[in-house]
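Chemist: Quick note: the sequence shown uses my numbering, first residue 304, plus one each step. Ideal Cβ positions, reconstructed from N, Cα and C, are used throughout, including at glycine. Since the structure is predicted, the reported quantities are computational estimates derived from the model, not experimental observations.
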Amino acid sequence: MATALTKTELKGFLAQHARADLDSIKDDEELFSSGVIDSFAMIELLMFLEKYTGTRLGPEDIDLDHLDTVNGILRFVELKKR
Numbered sequence: 304m305a306t307a308l309t310k311t312e313l314k315g316f317l318a319q320h321a322r323a324d325l326d327s328i329k330d331d332e333e334l335f336s337s338g339v340i341d342s343f344a345m346i347e348l349l350m351f352l353e354k355y356t357g358t359r360l361g362p363e364d365i366d367l368d369h370l371d372t373v374n375g376i377l378r379f380v381e382l383k384k385r
């Protein structure tokens, strides 16, 4: 069973894989569009999210409307867990 992804866990992951430190990542900041995360980090993010959703993510899931901000990612994870 997948566990809930917290904002702290997500920001910690992003801080490790992004071009920003943990305190500078804002909840509604555009991560990919602004270059905070690159395409390699996006792939790692998708694999990280698979762990929390308990599902395999496909090409249809790669949508910046869902994956470009911390808040968007958290909403996406909750939707995928249902």
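Determine, using beta-carbon pairs with one atom in the region 374 to 382 and one in the region 340 to 355, whether at least three such pairs fall under 8 Å.
Modeler: yes
Chemist: May I ask which residues mark the beginning and end of the alpha helix (DSSP H) holding S342?
Modeler: 342 to 356
Chemist: Pairs of beta-carbons, one from the region 309 to 327 and one from the region 339 to 346, closer than 8 Å: are there three or more?
Modeler: The region 309 to 327 is in contact with the region 339 to 346.
Chemist: Does the distance between the C-beta of G361 and the nearest non-hydrogen atom of the ligand GTP fall short of 7 Å?
Modeler: Inclusion of the ligand GTP in the displayed structure is not the case, the ligand content being empty and no account of it being possible.
Chemist: Below 8 Å between beta carbons: does that hold for S327 and D371?
Modeler: no
Chemist: What's the C-alpha gap between G361 and L325?
Modeler: 28 Å
Chemist: Among D331, R385, H369, which residue has its Cα nearest to the Cα of L348?
Modeler: H369
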